[in-house]
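Asker: Okay, here's the structure, questions in a sec.
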Amino acid sequence: AQKVTQAQTEISVVEKEDVTLDCVYETRDTTYYLFWYKQPPSGELVFLIRRNSFDEQNEISGRYSWNFQKSTSSFNFTITASQVVDSAVYFCALMTTDSWGKLQFGAGTQVVVTP
Amino acid sequence: DTEVTQTPKHLVMGMTNKKSLKCEQHMGHRAMYWYKQKAKKPPELMFVYSYEKLSINESVPSRFSPECPNSSLLNLHLHALQPEDSALYLCASSRRDSLLGTQYFGPGTRLLVL
Chain P
46 AQKVTQAQTE ISVVEKEDVT LDCVYETRDT TYYLFWYKQP PSGELVFLIR RNSFDEQNEI
106 SGRYSWNFQK STSSFNFTIT ASQVVDSAVY FCALMTTDSW GKLQFGAGTQ VVVTP
Chain S
-15 DTEVTQTPKH LVMGMTNKKS LKCEQHMGHR AMYWYKQKAK KPPELMFVYS YEKLSINESV
45 PSRFSPECPN SSLLNLHLHA LQPEDSALYL CASSRRDSLL GTQYFGPGTR LLVL
């Protein structure tokens, strides 16, 4: 069975603060893929990043950074110097070679950035 | 270009109506997906098409009928829906033929069943 846990339901920050979103996953597969998506109030799910299980290199893209640690089954996401436009629901998701096309989403974390 | 388009953006229908949702992509993707998302919940997979053939049906009630007329187009036909079917319906497509590709989502159709 596979599972994604996003324990934080909602995080509220003031603009320019950093915010870290936690994601813990469970799978017995040795090959799997992890994703982060952003869903603003408009509803569209926007793809942010994909990580393969065999690639533990962390990544930075502008104000976004991701920390993938297989030892703790975590794939955390940090927004540096948050902006109001970062307000959205962020979903972590898992796909395994067994699931073939099925994304297992976490419950999502609502990020609220106030000016 | 990672654009997936969906029409209509909003739809209100009665329980006896028949309506269709449309999804289109011109990225040459060969896998397309329908998801249903209730408020404050993550998306739930409904159907997966690969090379215009239905690959996965997540035990969706028959009042939802998917159709993939060609590799760029995916429809979801709705008939005799219930109020609890009110939700955001998201379409996605992915590039890799093995269905392990990254899924790119459209803006969704917000459906209200009265």
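Chains as they are written, first to last, in our numbering: chain P, 46 to 160; chain S, -15 to 98. Ideal placement from N, C-alpha and C gives every residue a C-beta, glycine not left out. Fair warning: this is a prediction, and the values are worked out from it, not measured in the lab.
Please list the residues of the segment 76 to 93 of chain P that have a C-beta atom closer than 8 Å to any C-beta atom in chain S, keeping them in chain order.
Answerer: If the cut-off is 8 Å between Cβ atoms, the segment 76 to 93 of chain P has Tyr78, Phe80, Tyr82, Ser87, Gly88, Glu89, Leu90, Val91, Phe92 near chain S.
Asker: Is the shortest distance between the beta-carbon of S:Gln87 and the beta-carbons of chain P less than 8 Å?
Answerer: Chain P contact via Cβ: present.
Asker: Mind pulling the beta strand (DSSP E) runs of 3 or more residues that sit fully within the segment -2 to 72 of chain S?
Answerer: Whole beta strand (DSSP E) segments, 3+ residues: 2 to 9, 15 to 21, 28 to 34, 37 to 41, 48 to 54, 57 to 63.
Asker: If we define contact as Cβ-Cβ less than 8 Å, is S:Val(-4) a contact residue for chain P?
Answerer: False, the Cβ-Cβ gap to chain P never drops below 8 Å.
Asker: Taking a contact to mean a Cβ-Cβ separation below 8 Å, would you say P:Asp63 touches P:Ile105 in this structure?
Answerer: Not a contact, by the Cβ cut-off of 8 Å.
Asker: When you compare only the Cα positions, how much space is there between P:Lys147 and P:Gly153?
Answerer: Using only the alpha carbons, I get a separation of about 17 Å.
Asker: Can you list the residues of chain S that P:Phe99 reaches, using a CB-CB cut of under 9 Å?
Answerer: Ordered by position in chain S, no residue passes the 9 Å Cβ test against P:Phe99, which lies about 13 Å from the chain.
Asker: Pull the bridge partners of P:Gln155 from the DSSP assignment, please.
Answerer: DSSP, once it has assigned bridges, lists P:Glu55, P:Val134 as partnering P:Gln155.
Asker: Do the segment 70 to 81 of chain S and the segment 8 to 20 of chain S meet, that is, are 3 or more Cβ pairs less than 8 Å apart?
Answerer: Short answer: they touch.
Asker: Just the Cα atoms here: how many angstroms apart are P:Phe99 and P:Thr76?
Answerer: Distance between the alpha carbons of P:Phe99 and P:Thr76 is about 7 Å.
Asker: Within its chain, find whatever has a CB closer than 8 Å to the CB of P:Ile56; leave out the 5 residues flanking it on each side and keep chain order.
Answerer: Only Val64, Leu66, Thr154, Gln155, Val156, Val157 meet the Cβ criterion.
Asker: Is there a C-beta anywhere in chain P that falls below 8 Å from the one on S:Ser39?
Answerer: Cβ-Cβ to chain P under 8 Å: yes for S:Ser39.
Asker: Using beta-carbon positions only, say whether S:Cys7 and S:Tyr33 come within less than 8 Å of one another.
Answerer: No; because the gap between Cβ atoms is not below 8 Å, this pair is not in contact.
Asker: How would you call S:Tyr73, buried or exposed, if buried means at least 16 neighbouring beta carbons within 10 angstroms?
Answerer: When all chains shown are included, S:Tyr73 counts as buried.
Asker: Within the same chain, show all residues whose beta-carbon is closer than 7 Å to that of P:Ser132, passing over the 5 residues directly before and after it, in chain order.
Answerer: Only Val156, Val157, Val158 meet the Cβ criterion.
Asker: Let me know if P:Gly151 comes out buried or exposed under the rule of 16 or more other beta-carbons within 10 Å of its beta-carbon.
Answerer: Buried, by the Cβ-count rule.
Asker: Is there a Cβ of chain P sitting closer than 8 Å to that of S:Pro(-8), yes or no?
Answerer: By this cut-off, S:Pro(-8) is not an interface position.
Asker: Less than 8 Å between the CB atoms is what I'm expecting for P:Gln84 and P:Leu93, so what's the real figure, rounded?
Answerer: Contact doesn't hold; Cβ gap of about 11 Å is too wide.
Asker: Is S:Ala71 close to chain P? Criterion is C-beta to C-beta, closer than 8 Å.
Answerer: So, not an interface residue.
Asker: Buried or exposed for S:Tyr35, going by 16 or more other Cβ atoms inside 10 Å?
Answerer: Answer is exposed; the Cβ neighbour count stays below 16.
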